[in-house]
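Note that the sequence shown covers residues 14 to 227 in my numbering.
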Amino acid sequence: MLSALVTIGRAARDTIRSLPMMIFANLLWLAFSLTIVLFPFATAGLYTVTNRIAYKQKTRLADFIAGGRGYLGPSLRWTLINLTAFGAIYVTTTYDPVEKHIPTWLQGMSVLAGIAWAALQFYVWPFLMEQPNKRVRAAVRNAMLLGITDPIYTLTLLSSVGFIVWLSLRTSTPIGIFMMSFIALLGNRAIIERLAAYGRSPEPDNVFRFQQRQ
14 MLSALVTIGR AARDTIRSLP MMIFANLLWL AFSLTIVLFP FATAGLYTVT NRIAYKQKTR
74 LADFIAGGRG YLGPSLRWTL INLTAFGAIY VTTTYDPVEK HIPTWLQGMS VLAGIAWAAL
134 QFYVWPFLME QPNKRVRAAV RNAMLLGITD PIYTLTLLSS VGFIVWLSLR TSTPIGIFMM
194 SFIALLGNRA IIERLAAYGR SPEPDNVFRF QQRQ
């Protein structure tokens, strides 16, 4: 738990240090996401910017567009996988023509699977940033393995994310203007620090080399 709290503290420090960029990236993500069709592009751009911030790289708003373009393929595959997964969960738990034929215990398992799948998304994009290969399935597998091998670290981070979302929705604090940026930054920093803790040196150039190949 202590290492997770350290990660949260470092992410908060990075947020303060790069607050204008965090706010602009958050607003760009929101504006693009409202179109729905540009949500994958916007998510890729947001994680690219916050990855650079986590590595203390010089960051510009142009990196948001570059990340969205460079990761267009993985972002579309990620979206398709999530639509399929959440669609299956919706059909088995809510869609009446199907739901009434499925045992209650199986519906409960589907709900738990949906919660676990949603939690995994916290790590998926940060792993995509770090992987030399940009395969979504590999990122999902790595996210699952990290969640299983380091559950206390993961639950502590997810609890902090839940608290931030709750605080943003239930109070008048201006956290919402950088909330998604902070969540993305926290995920990036968590993966960078876990990889270092497990003996693998982070490779800040992975994401940038990938963009340059597009």
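All residues carry an ideal CB built from backbone N, CA and C; glycine is no exception.
Leaving out the 5 sequence neighbours to the left and right, which residues in its chain are closer than 8 Å to residue i when beta-carbon positions are compared?
| i | result |
| --- | --- |
| I190 | I36, N39 and L40 |
| M157 | L133 |
Under the rule that 16 or more other beta-carbon atoms within 10 Å means buried, what is residue i, buried or exposed?
| i | result |
| --- | --- |
| V19 | exposed |
| L141 | buried |
| V62 | buried |
| Y231 | The requested residue 231 does not occur in the structure, where the chain is confined to residues 14 to 227. |
| F176 | exposed |
| Y68 | buried |
| G58 | buried |
| G239 | The structure shown does not extend to residue 239, since the chain is modelled only from 14 to 227, so the question has no answer here. |
| L15 | exposed |
| F77 | buried |
| W91 | buried |
With a threshold of 7 Å (Cβ to nearest heavy atom), would residue i be considered close to the ligand GDP?
| i | result |
| --- | --- |
| R150 | Here there are no bound small molecules, and the ligand GDP is not part of this structure. |
Assuming contact is defined by CB atoms lying nearer than 8 Å, are residue i and residue j in contact in what I supplied?
| i | j | result |
| --- | --- | --- |
| F54 | G81 | yes |
| P139 | A203 | yes |
| A132 | L171 | yes |
| I188 | S181 | yes |
| V137 | A152 | yes |
| A44 | L198 | no |
| I66 | S31 | yes |
| I102 | A126 | yes |
Residues in the same chain with beta-carbon distance under 6 Å from residue i, minus the five sequence neighbours each way, listed in chain order, please.
| i | result |
| --- | --- |
| G160 | T167 |
What does a CB cutoff of less than 7 Å around residue i pick up in its chain, not counting 5 residues either side in sequence?
| i | result |
| --- | --- |
| T106 | E112, Q120, S123 and V124 |
Please go through the region 58 to 135 and give each complete alpha helix (DSSP H) segment of 4 or more residues, from N-terminal end onward.
Within the region 58 to 135, the complete alpha helix (DSSP H) runs of at least 4 residues are 75 to 83, 85 to 106 and 109 to 112.
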